[in-house]
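Participant:
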Amino acid sequence: MKSKLRSTTQFLSVVLFFWGIHFAQAQTYYALQIDRNIRMKAEDITTEYQPRLVMGAEQALEFRNTVAKYIVKRRSVENNPDITNGQRRYRLKLLSSHESSEMANVLYPYQWQEYLRVKPEIQPLPNEESRFDDAIADNQSTN
0 MKSKLRSTTQ FLSVVLFFWG IHFAQAQTYY ALQIDRNIRM KAEDITTEYQ PRLVMGAEQA
60 LEFRNTVAKY IVKRRSVENN PDITNGQRRY RLKLLSSHES SEMANVLYPY QWQEYLRVKP
120 EIQPLPNEES RFDDAIADNQ STN
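Here you go:
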């Protein structure tokens, strides 16, 4: 009797584990699908890269999903009022670096090299404000 109960418990544990993983993945996918603007932006970015990278349909889909995931992450950093502009720039650069690294798993090596070459044109990082501009603003506010 104990062995039957034990095997049933193990079976249910395994089923719940896999169901939980599937549910978590579905939630992530759903979160990306909620915002139509993110889907459209990811599609536009993928379309810009397509002539230069010449991706197949499945590869382009994976590329677009990766771009969409990082758009969500970028927006969360951009909309975070609790961080300074310097921290925001640093985190956006870090996200861009992570996105580039993840694209190495999506693209062939020759495509990835081209991706790295054209990425600053298609997905530029925010401009850094010079400290000189800050000094001028501070000087003008004191006069």
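Residues in the sequence shown are numbered from 0 upward in steps of one, following numbering that gives the first Met the number 0. All residues carry an ideal CB built from backbone N, CA and C; glycine is no exception. Note that this is a predicted model, so its numbers are computed, not measured.
Quick one: what does DSSP say asparagine 64 is sitting in, helix, strand or coil?
Facilitator: If you number the sequence shown from 1, residue 64 lands on position 65. Residue state, collapsed to three classes: helix.
Participant: In terms of residues, what are the limits of the alpha helix (DSSP H) holding valine 117?
Facilitator: Numbered from its first residue, the sequence shown carries residue 117 at position 118. First-last of the alpha helix (DSSP H) with valine 117: 108-121.
Participant: Please determine, among Pro123, Ser96, Phe62, the residue with the shortest C-alpha to C-alpha distance to threonine 45.
Facilitator: One-based indexing of the sequence shown puts residue 45 at position 46. Nearest C-alpha to threonine 45: Phe62.
Participant: CB valine 145 to CB alanine 41, shorter than 8 Å?
Facilitator: In this structure the chain extends from 0 to 142, so residue 145 is not present and cannot be described.
Participant: Can you tell me the Cβ-Cβ gap for lysine 143 and leucine 52, rounded? I've got them flagged as a contact below 8 Å.
Facilitator: Coverage of the chain is limited to positions 0 through 142, which leaves residue 143 absent and any answer about it impossible.
Participant: Kindly list the residues whose CB is nearer than 7 Å to the CB of valine 105, restricted to its own chain and excluding five residues on each side of it in sequence; keep chain order.
Facilitator: Locating residue 105 in the sequence shown gives position 106, where the first residue counts as 1. Within the same chain, valine 105 has close Cβ partners Gln58, Glu61, Phe62, Thr65.
Participant: Measure the CB-CB distance between leucine 94 and tyrosine 69 and report whether it falls below 8 Å.
Facilitator: Residue mapping note: residue 94 aligns to position 95 of the sequence shown, counting from 1. Residue mapping note: residue 69 aligns to position 70 of the sequence shown, counting from 1. A contact, by the Cβ cut-off of 8 Å.
Participant: Please return the same chain residues whose Cβ sits closer than 6 Å to the Cβ of glutamate 98, not counting the five positions on each side in sequence.
Facilitator: The residue given as residue 98 occupies position 99 in the sequence shown. So the list reads Tyr69, once near-sequence residues are dropped.
Participant: Report the option in Glu101, Pro50, Asp43 whose CA atom is closest to the CA atom of glutamine 122.
Facilitator: Within the sequence shown, numbered from 1, the residue matching residue 122 stands at position 123. Minimum Cα distance to glutamine 122 is reached at Asp43.
Participant: Serine 95 CB to nearest chain C CB: under 8 Å?
Facilitator: Reference to chain C is not applicable here, since this structure consists of a single protein chain.
Participant: In chain order, what residues of the same chain have a beta carbon less than 6 Å from the beta carbon of lysine 118, not counting five sequence neighbours either side?
Facilitator: As a first step, residue 118 must be located in the sequence shown, where it is residue number 119. Nothing meets the Cβ criterion.
Participant: For methionine 39, count neighbouring Cβ atoms within 10 angstroms of its own Cβ and tell me buried if that reaches 16, exposed if not.
Facilitator: The residue you call residue 39 lines up with position 40 of the sequence shown. Flag for methionine 39 reads exposed.
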